[in-house]
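Counting along the sequence shown from 1, when you hit position 16 you're at 16 in UniProt numbering, and nothing is skipped either side. Beta carbons: idealized from backbone N, C-alpha and C, even for Gly. Because the structure is a prediction, the values reported are computed rather than measured. Here the structure is laid out as structure tokens; the discussion comes afterwards.
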Amino acid sequence: MIATNPFTRGPNVPNKKKFTKKKALQATWNDSDEDDLEGYEVQEEIANMCFMAIEDEVNTNNNDSYNDLSTSNDEILEEFEKLVSKYSILNNKHSLLKKVSRNFL
Numbered sequence: 001m002i003a004t005n006p007f008t009r010g011p012n013v014p015n016k017k018k019f020t021k022k023k024a025l026q027a028t029w030n031d032s033d034e035d036d037l038e039g040y041e042v043q044e045e046i047a048n049m050c051f052m053a054i055e056d057e058v059n060t061n062n063n064d065s066y067n068d069l070s071t072s073n074d075e076i077l078e079e080f081e082k083l084v085s086k087y088s089i090l091n092n093k094h095s096l097l098k099k100v101s102r103n104f105l
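Laid out in structure tokens, this is it:
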């Protein structure tokens, strides 16, 4: 008599369904791993493209800022040179006025 109930078979009779499920599950994991790996590679490539786009945007903003700062620096330098010239003229006038005032005292 062949028993169909797994509990009545005895401890030495293997359950065939149990082994096939593991193999099917293992095949599913392998397929899933490959799909996950491909999906991961695609996601990584998209992320790298986003980082490159952000980096280009930052570099463009930095170049614009650098040009603006360079122009502002040139304008400030011109104003500084004008003020140094005025200071020199006023300092000379002050020295002359000091000499004149000493002569009167």
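CA-to-CA distance, residue j to residue i, given in whole angstroms
| i | j | result |
| --- | --- | --- |
| Tyr87 | Phe51 | 52 Å |
| Glu78 | Asn48 | 45 Å |
| Phe80 | Leu97 | 25 Å |
| Glu38 | Glu44 | 10 Å |
| Leu105 | Lys99 | 10 Å |
| Lys93 | Ile76 | 26 Å |
| Asn69 | Leu83 | Residue identity differs from the one stated: residue 69 is Leu in this sequence, not Asn. Approximately 21 Å between the Cα atoms of the pair. |
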